[in-house]
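K.L.:
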Ligand SMILES: [Zn+2]
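Numbering (the UniProt record's numbering), first residue to last: 1 to 217.
#1: Can you tell me which of the three DSSP states residue 29 falls into?
#2: Is it right to say residue 207 is buried, meaning 16 or more other beta carbons lie within 10 angstroms of its own, or is it exposed?
#3: What residue range does the alpha helix (DSSP H) around residue 116 cover?
#4: Of the residues 19, 191, 98, 30, which one's Cα is nearest the Cα of residue 205?
#5: Any heavy atom of ligand 1 inside 7 Å of the beta-carbon of residue 194?
#6: What is the DSSP secondary structure of residue 192, reduced to helix, strand or coil?
#7: Measure from the alpha carbon of residue 219 to the alpha carbon of each residue in 2, 82, 45, 67, then state which is nearest.
#8: Evaluate the contact criterion for the segment 161 to 176 versus the segment 117 to 127: three or more CB pairs, one atom per stretch, below 8 Å.
#9: Any chance the segment 144 to 160 sits against the segment 42 to 53, with 3 or more Cβ pairs inside 8 Å?
#10: Which residue comes first and which comes last in the alpha helix (DSSP H) that contains residue 132?
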C-alpha cells in the first residue's frame, strides 16, 4: 500500500455543497473551519488550479514558499499543511487517492502561452482569465491579488538542474483530494482549459467540488 494514498468514504448525499465545474470556468466558495473540501477529478488527468484567501482578511492568502519550507518538499501530498503568507495553516490534506499535486507550475496565462507555445496561443482562454473574472465577485480584489496557486492533479517535474516540466499526470477518473479547513477560507478554483501541455491530457474535463460539515465527536 502506497503510504501517500488514503481513501475516506464520504457520502455525497450528505455534502452541504456539491458543484460540477466545467473546464474553462471557475468556482468561488467559502469553506469554514472544520469543513472538508473534496476536489474530484471526474474524468482523469485534469488540472484544478486553486487560490486560497482568509475569508475575513483577504490580505492573508496561500503562500507557496511557507508551505514548501515547512514540509521540506515541493510536492502537495497527504499530510501537507497549506500555509499562508502569515505562516498560518489554511488547509491540511487529510485524504488523497492521486498521490501528489503541484504548486510550482503556476496558473496558465496569455503571456505564458505566448512565450511557451508561440503567439498563436495568446488568445486562448487561461486560468488567469478565470481568476480575474471571479475577482469581480470579491470586494476590493483585482488581478493584482492573484498570487501563486495550487495545481491539483497536475504533475510538474523538478529536474536536477532546477528546470520545471509539465508531464503526463498520475491522476485518473474519480481520483480525489480532501482538504480540512483550519480557518474560514475563500476557495477560488479555475478548472484549467489548457490545450498546449499535458496537464489536462490535451482534453480538458470537469471537476466536482464537494463540502462536508465538520465531523461530530
Ligand atoms: Zn490553466
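No residue lacks a Cβ here, since even glycine has one placed at the ideal position from N, Cα and C.
P.N.:
From the atom records:
#1: Mapped onto the chain shown, residue 29 falls at position 29. It is a strand residue.
#2: On the chain shown, residue 207 is found 207 positions in, with the first residue counted as 1. Residue 207 comes out buried.
#3: As a first step, residue 116 must be located in the chain shown, where it is residue number 116. Per DSSP, residue 116 belongs to the alpha helix (DSSP H) from 110 to 117.
#4: Along the chain shown, read from residue 1 onward, the residue named residue 205 stands at position 205. The shortest C-alpha separation from residue 205 is found at 191.
#5: Counting from one through the chain shown, the residue named residue 194 turns up at place 194. Yes, since a heavy atom of ligand 1 falls inside the 7 Å radius drawn around the Cβ of residue 194.
#6: Residue 192 sits at position 192 when you count from the first residue of the chain shown. It is coil, neither helix nor strand.
#7: The structure shown does not extend to residue 219, since the chain is modelled only from 1 to 217, so the question has no answer here.
#8: no
#9: yes
#10: Position 132 of the chain shown holds residue 132. Element bounds for residue 132: 127 to 135.
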